[in-house]
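Report on the structure given below.
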Amino acid sequence: MGKILGVSVISSKGTVTIPKKVREILKLSRGDLVVFKLSDDGNIIIKKGDDVE
């Protein structure tokens with residue numbers, strides 16, 4: 001299993017804050033698209049929108 005990069009809490013509106021380290025690694029900025037993908041082994045993959053296959 002990989003390294004934990006941060007932890008977030010889901011707000012009452014269903015939003016989460018992406019940890020700073022994750023934003024830096026993915027080079028995310030305000031307004032960027034974030035994609036959530038389910039892998040074949042059941043894990044969730046988070047990618048920057050322009051990295052989508």
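Residue numbers (UniProt numbering): 1 to 53. All C-beta atoms in this analysis are idealised placements derived from N, C-alpha and C, irrespective of residue type, glycine included.
The DSSP assignment places 34 to 38 as complete runs of the beta strand (DSSP E) inside the stretch 9 to 46, in order along the chain (cut-off: 3 residues). Here the alpha carbon of residue 9 sits roughly 11 Å from the alpha carbon of residue 19. Closest in C-alpha terms to residue 16, from the list 3, 2, 34, comes 34.
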